[in-house]
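The structure under discussion appears below in the form of structure tokens.
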Amino acid sequence: AEGAMTADHVHAELGELVAGTKRGRTRDDELTVYKSVGVAVQDAAAAALVLTAARRASVGREIDL
94 AEGAMTADHV HAELGELVAG TKRGRTRDDE LTVYKSVGVA VQDAAAAALV LTAARRASVG
154 REIDL
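As structure tokens, then:
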């Protein structure tokens, strides 16, 4: 379908970004799309990256679950 994402749109896998073998966004106007397909370790890695970035930027709010 028109406007649909294809394999050509994929720049990197999550593991490549975490390992530093590929760079993520380099400009504010770039988008990041994350599609979780049920691999819990990827979900945990993504959450850890978001938490670290939020703490560094002093944004967000921590809650107890």
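Residue numbers (this note's numbering): 94 to 158.
Note that the Cβ used here is the ideal one computed from N, Cα and C, for glycine as well.
Buried versus exposed, by CB contacts within 10 Å (16 or more), residue i
i, result
"residue 110", "buried"
Straight-line Cα distance separating residue j from residue i
i, j, result
"residue 94", "residue 115", "29 angstroms"
"residue 134", "residue 140", "10 angstroms"
"residue 154", "residue 148", "9 angstroms"
"residue 99", "residue 130", "16 angstroms"
"residue 103", "residue 113", "16 angstroms"
"residue 125", "residue 117", "8 angstroms"
Presumed contact (8 angstroms Cβ cut-off) between residue i and residue j, rounded CB distance
i, j, result
"residue 107", "residue 138", "6 angstroms"
Runs of alpha helix (DSSP H) wholly within the stretch 97 to 158 (minimum 4 residues, chain order): Complete alpha helix (DSSP H) runs here, min 4: 107 to 112, 133 to 150.
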